[in-house]
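Each number in the working numbering comes from the position in the sequence shown (counting from 1) with 2 added on.
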Amino acid sequence: MEVLETGKSYVKGVTYIFAGRVISLLLNIFGSIIIARILASIYGSSEPLGWLFVLLLIPQFTVLLGDLGMAYGLSNKCAKLFKEKNFQEISSYVWSYISFNLILWIIYSAFTYFLGQFLVVYLYSKPEIIPFIHFLAIYLILNFFFNTLQGITLVLDKTWVFSLMIILQSLVQSILAPLALYFGFQFLGLVFVYFILMPLIPSIPGFIVLFKYLRHYRIDFNKVKEMLKFGFPVAASAYVTIPSVRIYEIFISRYASSAELGNFSVAQRFNPIIEVFLYPIGILMFINFSKLNKTEDLNIALNFTIRIISFFVAPISFFTIFFSKELIIAFFGPYYSEGWLYLSLIGAYWLSYCAGGIVLVNLVMSQGYTKKTFKYSIIYAISATISNAVLIPLFSIYGALISSLIAGWPSYIPYLRFVRKQLNVEIKFNEIIKIIIIALISVLPSYVIWIMLSSIIISIAQFYILLFSCILISFAIYILITKKLKILKDSEINFLEISLKEIPYAGNLISFVLAIYKKL
């Protein structure tokens, strides 16, 4: 079946990206911990992380319309051309995309340079970050190349280069940023590393791939129109959410102090734990779904993808919910412990991925129903705008997190109805619920053990030993129960093994782990 060939390519690509994300995650955790602790020792509070949080929000405001959805059009066109090995047409599409969007990003950069100070003072109410605002204008151009080159490596199926770029970016953050703080450059040095070096250095492998495999062509406006025709309705789906996103960013900056934003920023730094699983699956989801059109294939792809996501996300979510304060103290120290409830709510939000909303969106888009995506995005935008506007002024950051938990459900139900009626596919919720219940059961014994023993902890070493033991206990229980109940079928594990065996090192390692899992 076509789904098997596409699935093998998908799994191999996901594995390369997964390996890159794992290494990146470890580096990011190391770098984030060192940066957070050095900043706390220099400034005596969590405020500097709050400044960095707001600085990272501003480009999201000034890049008004992104690439107008052309990246979706590029991926859709080139996925089919790559199957035909038509690299001449791929080159023309890629260079047309770069030429058109470089002009667009220069405009965004100029907008940021001239209006950045106004935005910081009157919208975000954080005048203390004014000295650093002009770095963002350079950052936008550098980051445009970084993101574009990453997309090109995926189009050419060079997922190992994609992973290399991720790893290089994490190396810059985890090594150069702490060094900048250590040698006395303080927050200015941190800003230079984040907004200049982090997008610049990792782009080098991407440029090598671009010039090695794709011949330069002048911009072809017919191809620009084709990419816009496919991608703009998809982008328009995101544009209707702009009011809710802007309200979120502006309100959270205005209604929360820099210290609260710093604690929230630390809580968000646990997101890579989930992203290490979701990112490689999600980044290739649209491209690979675009290669399928048979109902049977779509049904298999939909449910297998949601089940794999749930398999990894559910146990991590529950452990984070129950052990949020302990995790923050263990990694970032007591300066940021007040952000524990933020992390618990973030863990609850992660759990919503098990419903498969992101998979449904990619499935509907990949089959060409971009107008439906736009329609349902309007529903989400209205829901998110109202909830953000009401909850953030009332409850500050807590309101923003509660809003993120509830805003997506009004649009989720129409997606479910559409795929049932139009695509004749359906999510097997009984399998997802089973995984969620098993994950909860796996974490509860560890939580009980922690409550019983944490009161007698008298040293830091005992704290870490007990926390690590709780992680191992939950993991062991989860693996044993899922294997006993055959959450992953042997045929699916065999499929994963076959798909991965051609990948050196990482493929063999994962296949070895899967073989052990089968024998349990």
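Note that beta-carbon positions come from the ideal geometry of N, C-alpha and C, so glycine has one too. Predicted model only: the values in this text are computed from it and were never measured.
| Item | Value |
| --- | --- |
| Assigned secondary structure, F185 (DSSP; H/G/I helix, E/B strand, else coil) | coil |
| Where G358 falls: helix, strand or coil (DSSP) | coil |
| Secondary structure of D492, DSSP reduced to three states | helix |
| For S461, the three-state DSSP class (helix, strand or coil) | coil |
| Distance between A463 and S2 (C-alpha atoms, nearest Å) | A question about residue 2 goes unanswered here, because the residues of the chain that appear run from 3 up to 522. |
| Beta-carbon spacing of Y417, Y378 below 8 Å | yes |
| Cut-off 8 Å between Cβ atoms - residues of its own chain near S608, not counting five sequence neighbours on either side | It is not possible to answer for residue 608, since the shown part of the chain is limited to 3 through 522. |
| A81 and K296 closer than 8 Å at C-beta | no |
| Candidates V363, S255, S259 and G370, of which the one nearest K79 by Cα | G370 |
| Status (buried if at least 16 other CB within 10 Å, exposed otherwise) for D492 | exposed |
| Alpha helix (DSSP H) runs contained entirely in the region 157-238, provided each spans 4 or more residues | 161-173, 179-184, 188-194 and 205-215 |
| Alpha helix (DSSP H) segment containing T243, residue limits | First-last for T243: undefined, no H or E at that position. |
| Bounding residues of the alpha helix (DSSP H) (the contiguous stretch that carries D69) | Careful: D69 lies outside any alpha helix (DSSP H) and carries neither H nor E. |
| Span of the alpha helix (DSSP H), counted from its first residue to its last, around E262 | S260 to Q270 |
| Cβ neighbours of S413 in the same chain (closer than 6 Å, five flanking residues each side left out) | Y378, I381 and Y382 |
| CA-to-CA distance, P61 to I32, given in whole angstroms | Before going on, a small fix: residue 32 reads as Phe here, not Ile. Roughly 26 Å between the two C-alpha positions. |
| Coil, strand or helix - L353 by DSSP | helix |
| Residue span of the alpha helix (DSSP H) that contains S389, given as start and end | T372 to I408 |
| Span separating the alpha-carbon of I318 from that of I438 | 11 Å |
| N-terminal and C-terminal residue of the alpha helix (DSSP H) that E91 is part of | F89 to F120 |
| With 16 other Cβ atoms within 10 Å as the buried cut-off, status of Y99 | buried |
| Distance between G153 and P204 (C-alpha atoms, nearest Å) | 13 Å |
| Boundaries of the alpha helix (DSSP H) in which V450 is found, first to last residue | F431 to L455 |
| Selection from I429, I108 and I36 that minimises the alpha carbon distance to A303 | I429 |
| Assigned exposure category for L70 - 16 Cβ within 10 Å defines buried | buried |
| Same chain, Cβ closer than 7 Å to Y344, neighbours up to 5 away in sequence not counted | N265, F266, A269, I399 and L403 |
| Host alpha helix (DSSP H) of Y414 (start-end) | W411 to K423 |
| Three-state secondary structure assigned by DSSP to V247 | helix |
| Nonlocal neighbours in the same chain, by C-beta distance under 8 Å from L173, ignoring five residues either side | L29 |
| Minimum C-alpha distance to L138 - residue among L183, F63 and G75 | F63 |
| Cβ-Cβ separation, L468 to L482 (assumed contact under 8 Å), whole Å | At roughly 21 Å, the Cβ-Cβ gap does not stay under 8 Å, so L482 and L468 are not in contact. |
| Given I131 as reference, the closest of E49, A357 and S26 once Cα atoms are compared | E49 |
| Residue range of the unbroken alpha helix (DSSP H) whose run includes E328 | S326 to F334 |
| Rounded C-alpha distance that separates Y115 from Q175 | 24 Å |
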